[in-house]
Amino acid sequence: MGEIIYEALAQYITIFFFVVMVLPAVIIFCGYLIYIVVMCIRELKKK
């Protein structure tokens, strides 16, 4: 019985770690890439 509880806790901790640590980093990185593209388009329109 203890092993089943341990496995469930380990799975939830892994999901929690992914949501708290990895997901925000991916969102920030995507936002940064979009920012770079927008700034490049603005610079090209100036010329």
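Adding 10 to a residue's 1-based position in the sequence shown gives its number in our numbering. Note that beta-carbon positions come from the ideal geometry of N, C-alpha and C, so glycine has one too.
Between the alpha carbons of Met31 and Arg52, how many angstroms are there, rounded?
Position 21 of the sequence shown holds residue 31. Position 42 of the sequence shown holds residue 52. Cα to Cα, Met31 sits roughly 32 Å from Arg52.
Determine the DSSP secondary structure at Met11, reduced to helix, strand or coil.
Translated into positions along the sequence shown, residue 11 becomes position 1. Of the three classes helix, strand and coil, the one that applies to Met11 here is coil, per DSSP.
So, helix, strand or coil for Lys56, using DSSP?
By one-based count along the sequence shown, residue 56 stands at place 46. In the structure shown, Lys56 falls within a helical segment according to DSSP collapsed to helix, strand and coil.
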